[in-house]
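**Q** Throughout the sequence shown, residue numbering follows mature numbering (1 follows the signal peptide of the UniProt record, and there is no 0), covering -29 to -1, 1 to 49 in sequence.
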Amino acid sequence: MRSRRLALAAATTLGALALTLGIGGTAQAAPRPPLTKAECWASGGIVVPINVVGSVCIWHNPDGTSDSAQITDPLGIN
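#1: Enumerate in chain order the residues of its own chain whose CB-to-CB distance from residue 32 is below 8 Å, with the five nearest sequence positions on each side excluded.
#2: Could you please give me the residues that DSSP links to residue 20 through a beta bridge?
#3: Would you kindly report the start and end of the unbroken beta strand (DSSP E) that includes residue 38?
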């Protein structure tokens, strides 16, 4: 069970990092400015935690692309 949790955490971290950096995706427009978790949810985004690093906000666009932005809330605040 613990190995599944570690594998999931690693996959989540790498996936979110790849989305944040734009690796493996299509070309993106100008990066979005950092925002809070509340602003992310209010704008239709999904908050993805990146373990110790923090969180990112991801938006799935109608054309199949994704945008992301850094969450500025301090760690430990949900």
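Just so it is clear, CB atoms sit at the ideal spot from N, CA and C, and this is done for glycine as well.
All values derive from a computational prediction rather than experimental measurement.
**A** This is what the structure gives:
#1: Taking the first residue of the sequence shown as position 1, residue 32 is located at position 61. Listed in chain order, the non-local C-beta contacts of residue 32 below 8 Å within the same chain comprise 38, local neighbours out to five positions each way being set aside.
#2: Walking along the sequence shown from the start, residue 20 turns up at place 49. The bridge partners DSSP lists for residue 20 are 26.
#3: Mapped onto the sequence shown, residue 38 falls at position 67. If you look at residue 38, you'll find it in the beta strand (DSSP E) that goes 37 to 41.
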